[in-house]
Amino acid sequence: MRCLKNLVLMLVLMSVILPISAHERADIYVVDAWAMATLTTTDATPEAAMESSAIYFTIDNPAAHPIRLISAMSATAETITFREGEAVVDGITIPTLDSVSLSSEGIYLALEDLTMDLVVGDALTLVLTFEMLEETGEVSPDSELLEVIIGVPVLAEAPISHPVIAVASWARPTVAAIEMDEMMVTPEAMMTEEPVMAISGAFMTLVNRGESDLTLVSAESSVSDLVELHETQMEGDMMRMREVEGGIALPAGERMELRPGSYHIMLMELNQELIPGQAITITLTFDDGSNTLITVPVYDPMGMADMPHAADE
Ligand SMILES: [Cu+2]
329 MRCLKNLVLM
339 LVLMSVILPI
349 SAHERADIYV
359 VDAWAMATLT
369 TTDATPEAAM
379 ESSAIYFTID
389 NPAAHPIRLI
399 SAMSATAETI
409 TFREGEAVVD
419 GITIPTLDSV
429 SLSSEGIYLA
439 LEDLTMDLVV
449 GDALTLVLTF
459 EMLEETGEVS
469 PDSELLEVII
479 GVPVLAEAPI
489 SHPVIAVASW
499 ARPTVAAIEM
509 DEMMVTPEAM
519 MTEEPVMAIS
529 GAFMTLVNRG
539 ESDLTLVSAE
549 SSVSDLVELH
559 ETQMEGDMMR
569 MREVEGGIAL
579 PAGERMELRP
589 GSYHIMLMEL
599 NQELIPGQAI
609 TITLTFDDGS
619 NTLITVPVYD
629 PMGMADMPHA
639 ADE
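For reference, each letter of the sequence shown is one residue, going 329 to 641 in this note's numbering.
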């Protein structure tokens, strides 16, 4: 749990230190991410669990310059290194307008000294730090580091790609980091019968990279008994949310931003608190009958409210 707390502090601090908008974050696409399960069911014997795992994904670099992934952090593991076979490498460079796919045969992220078992169906938050490079491969002189926070599902095998990807996703916490500190002291506080704040929202940029127009028609999540696609509109001088009629259109090749005050995925009747540092999975279903599982980190990119508390400590 200490690790989770550290990750939360890190997320809060980064949001202040690094002047990055959620919009800019969308410009590096980290897709088809997954972490290798150490257990396939919760009732497997503890002896069966491994102490290390791996994370795989594909990074697309649409920028006009190369980028380099220089670090990865998660509360799930004490150490995350970049490896190629057994060898440790010190970063992953993605050339201009190119992509790099991590795999067990190539470069991958090695999770060492796991702080918890990785069970199929779970999800974790991963913070990736990129630096911008010149065409020569040198670090740009006035380059700022770019943080990309992603949710990673724990799976037994690689996910199947879908034309629609979700980038820069986040779900609004129902518990602030400072409240979570108190929960840390008494873990049983998380099991109290106090009603959870029953609603939250998930936000992201959906990109349809396929050849066909699609419409997002519904969403489901294990953390919520009622998930709706919402839009926020002004009615007179009142902001009102309502369920989207006919779904959210995603024309081929285009992006649609789901954000506060606009389209969003409404998570109602939550069956658990959403705590910063967690990640949740949401299944998106489209009008062609296809669906895709997205993993959304729980944090508030605009949430500076916790900062004074964090600084006080
Ligand atoms: Cu809503």
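All residues carry an ideal CB built from backbone N, CA and C; glycine is no exception.
Counterpart residues of residue i in DSSP-defined beta bridges
{"i": "Asn536", "result": "Val492"}
{"i": "Tyr384", "result": "Trp362"}
{"i": "Arg587", "result": "According to DSSP, Arg587 bridges with nothing at all."}
{"i": "Asp450", "result": "Its beta-bridge partners do not exist; DSSP assigns none."}
{"i": "Ile576", "result": "Leu544"}
{"i": "Ser431", "result": "Bridge partners of Ser431: none, in fact."}
{"i": "His393", "result": "In DSSP, His393 forms no bridge with anything."}
{"i": "Ser399", "result": "Thr457"}
{"i": "Leu367", "result": "Val447"}
{"i": "Ala504", "result": "Answer is none; Ala504 lacks a bridge partner."}
{"i": "Leu437", "result": "Ile383 and Phe410"}
Nearest-angstrom Cα separation, counted from residue j out to residue i
{"i": "Asp615", "j": "His490", "result": "13 Å"}
{"i": "Pro487", "j": "Gly564", "result": "45 Å"}
{"i": "Ile576", "j": "Ser590", "result": "11 Å"}
{"i": "Ile608", "j": "Thr409", "result": "24 Å"}
{"i": "Pro629", "j": "Met444", "result": "26 Å"}
{"i": "Ser431", "j": "Leu612", "result": "25 Å"}
{"i": "Glu650", "j": "Arg570", "result": "Nothing can be reported for residue 650, as the shown portion of the chain is limited to 329 through 641."}
{"i": "Ala403", "j": "Asp470", "result": "30 Å"}
{"i": "His351", "j": "Thr533", "result": "Bear in mind that the predicted position of His351 carries a pLDDT of just 38, short of 50, making it unreliable; the figure below should be weighed with that in mind. So the alpha carbons of these two residues sit roughly 9 Å apart."}
{"i": "Gly479", "j": "Gln606", "result": "8 Å"}
{"i": "Thr623", "j": "Pro394", "result": "26 Å"}
{"i": "Arg411", "j": "Asp441", "result": "15 Å"}
{"i": "Val626", "j": "Tyr436", "result": "24 Å"}
{"i": "Ala494", "j": "Thr366", "result": "26 Å"}
{"i": "Gln651", "j": "Gly574", "result": "Outside the displayed range of the chain (329 to 641) lies residue 651, so it cannot be described from this structure."}
{"i": "Asp450", "j": "Val555", "result": "19 Å"}
{"i": "Thr457", "j": "Ser528", "result": "27 Å"}
{"i": "Leu602", "j": "Glu433", "result": "36 Å"}
Which of helix, strand or coil DSSP assigns to residue i
{"i": "Ala361", "result": "strand"}
{"i": "Leu554", "result": "strand"}
{"i": "Ile610", "result": "strand"}
{"i": "Val626", "result": "strand"}
{"i": "Gln561", "result": "strand"}
{"i": "Asp445", "result": "coil"}
{"i": "Val416", "result": "strand"}
{"i": "Leu473", "result": "coil"}
{"i": "Ala517", "result": "Low confidence applies to Ala517: its pLDDT is 48, below 50, so where it sits in the model is not reliable enough to give any reading."}
Residue of the options minimising C-alpha distance to residue i
{"i": "Ile477", "options": "Ser399, Glu539 and Gly574", "result": "Ser399"}
{"i": "Leu557", "options": "Ser550, Leu544 and Ser468", "result": "Leu544"}
{"i": "Val467", "options": "Thr620, Pro390, Thr421 and Ser550", "result": "Thr421"}
{"i": "Arg568", "options": "His592, Glu582 and Met584", "result": "His592"}
{"i": "Glu548", "options": "Ile356, Ala526 and Thr620", "result": "Thr620"}
{"i": "Ala382", "options": "Met566, Arg396 and Leu452", "result": "Leu452"}
Rounded Cβ spacing between residue i and residue j (contact assumed at less than 8 Å)
{"i": "Ala530", "j": "Ala499", "result": "4 Å"}
{"i": "Ile387", "j": "Val416", "result": "Actually they do not touch by this definition, with Cβ atoms about 19 Å apart."}
{"i": "Val482", "j": "Val447", "result": "6 Å"}
{"i": "Asn536", "j": "Leu578", "result": "4 Å"}
{"i": "Ala317", "j": "Ser550", "result": "Residue numbering for the chain in the displayed model covers 329 to 641; residue 317 lies beyond these limits and cannot be assessed."}
{"i": "Pro390", "j": "Leu425", "result": "7 Å"}
{"i": "Glu485", "j": "Asp553", "result": "Glu485 to Asp553, Cβ: 29 Å. No contact."}
{"i": "Glu475", "j": "Val455", "result": "6 Å"}
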